[in-house]
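Numbering (the working numbering), first residue to last: 1 to 291.
Given below as C-alpha cells:
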C-alpha cells in the first residue's frame with residue numbers, strides 16, 4: 001500500500017493554481033466577420049486562387065489546434081448555396097484535393113473534419129433540396145387551385161345575384177303588363193259607360209287626369225325594374241320624357257277648362273233659368289196659401 005507523501009503545502013499550491021486557472025478569462029473567440037474559416041471558405045469559392053495558396057492558409061489556420069464552429073460554417077453554406085448546391089460541390093471537391101496533399105496526420109485529421117462537415121451539408125442538400133422544391137411546387141399548385149376555386153365561387157355568387165335580378169325583372173314586367181292591362185280596361189270601360197252622361201269637356205279632363213296617374217305609376221314601376229337589372233340610371237334624363245308628358249296633360253286640362261268656360265254658356269243659362277223658375281214657383285205657392 002502506497003503512502004501519500006504529499007505535503008499539505010503542495011495541496012494548497014495545487015488548489016491555488018486550479019483556482020487561478022478557473023478564474024482566468026476564457027480565450028476570446030474570433031468575431032464572425034473575422035472568422036478565419038469563413039474567410040478561407042470565401043477564398044475556396046474563388047477559382048483564381050491556386051490550391052497551393054489555399055493549402056498554406058489552411059495549414060496556418062489549423063496549426064494551433066483551431067476548431068471551426070459547425071453552426072457558423074452551416075450558416076455560411078446556407079447563405080451561399082440557397083437553391084443551388086453546385087458551388088458547394090466545387091468547394092468539397094477542391095478541399096478534398098487539398099486534403100490529399102497534406103501529410104501531417106494531426107493537421108490532416110482536423111482538416112478532415114472540415115471536409116466531412118462540408119460533405120455532410122452537400123449530401124443533406126442533395127437529399128432535401130428536391131423534396132423542398134417538390135413541396136414548394138405542391139404548395140404553388142394548391143395556391144393556384146385555391147385561386148381558381150375562389151374565382152369560381154365569385155362567379156357562382158355573381159350568377160346567382162344576376163339570376164335573382166332576372167327573376168325580379170321578369171315578375172316585375174309581368175306585373176306591369178297585368179297592371180297596365182287591367183288599368184286600361186277599367187279606364188276604357190268607365191269612359192265608355194259614362195260617355196253619354198257627361199260633357200266632352202269634363203270627359204277630356206277626367207281622361208287626362210287618369211292618364212297622368214296611370215302613366216306615372218307604370219313609369220315608376222318600370223324604372224324600379226330597370227334599376228334592379230341594370231343599376232342606377234342617369235338622374236338628369238330619367239324623368240325628362242315623363243315630365244314632358246305630365247306638362248302636356250296639364251295643358252290639355254287647362255285648355256279644356258278654358259274652352260268649357262268660354263264656349264259652353266248653355267249650362268250657365270240653363271242653371272240660371274232653372275233657379276228663376278224655382279223661385280217663381282215658390283212665390284206663387286206662397287201667394288196661394290195666403291189667399
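A virtual CB, placed ideally from N, CA and C, is assigned to each residue, including glycine.
Since we're looking at a predicted model, the values are computed, not measured.
N-terminal and C-terminal residue of the alpha helix (DSSP H) that residue i is part of
| i | result |
| --- | --- |
| residue 66 | Unbroken run through residue 66: none, as it is neither H nor E. |
| residue 42 | 36-44 |
| residue 101 | Note, residue 101: premise wrong, no alpha helix (DSSP H); not H, not E. |
| residue 52 | 51-61 |
| residue 244 | 240-263 |
Whether residue i touches residue j by CB criterion (9 Å)
| i | j | result |
| --- | --- | --- |
| residue 199 | residue 260 | yes |
| residue 218 | residue 244 | no |
| residue 166 | residue 212 | no |
| residue 256 | residue 214 | no |
| residue 74 | residue 42 | no |
| residue 77 | residue 95 | no |
| residue 69 | residue 48 | no |
| residue 59 | residue 107 | yes |
| residue 242 | residue 216 | yes |
| residue 221 | residue 179 | yes |
| residue 143 | residue 97 | no |
Buried versus exposed, by CB contacts within 10 Å (16 or more), residue i
| i | result |
| --- | --- |
| residue 110 | buried |
| residue 249 | buried |
| residue 230 | exposed |
| residue 114 | buried |
| residue 263 | exposed |
| residue 157 | exposed |
| residue 225 | buried |
| residue 251 | exposed |
| residue 37 | buried |
| residue 13 | Because residue 13 sits at a pLDDT of 48, beneath the cut-off of 50, its placement in the model cannot be relied upon, and the point is left open. |
| residue 21 | Bear in mind that a pLDDT of 41 at residue 21, under 50, signals an unreliable position, so the model cannot answer this. |
Within-9 Å CB hit, residue i to chain B
| i | result |
| --- | --- |
| residue 80 | Given the protein chain composition of this structure (a single chain), no chain B is represented. |
Quiz item: If we count Cβ pairs, one from each stretch, closer than 8 Å, do we get three or more for the stretch 87-98 versus the stretch 135-143?
Solution: Result no; under three Cβ-Cβ pairs closer than 8 Å.
Quiz item: Is it a yes or a no for the stretch 94-105 touching the stretch 44-60, going by three-plus beta-carbon pairs under 8 Å?
Solution: yes
Quiz item: For the 8 Å Cβ check, are there 3 or more pairs between the stretch 142-160 and the stretch 120-130?
Solution: no
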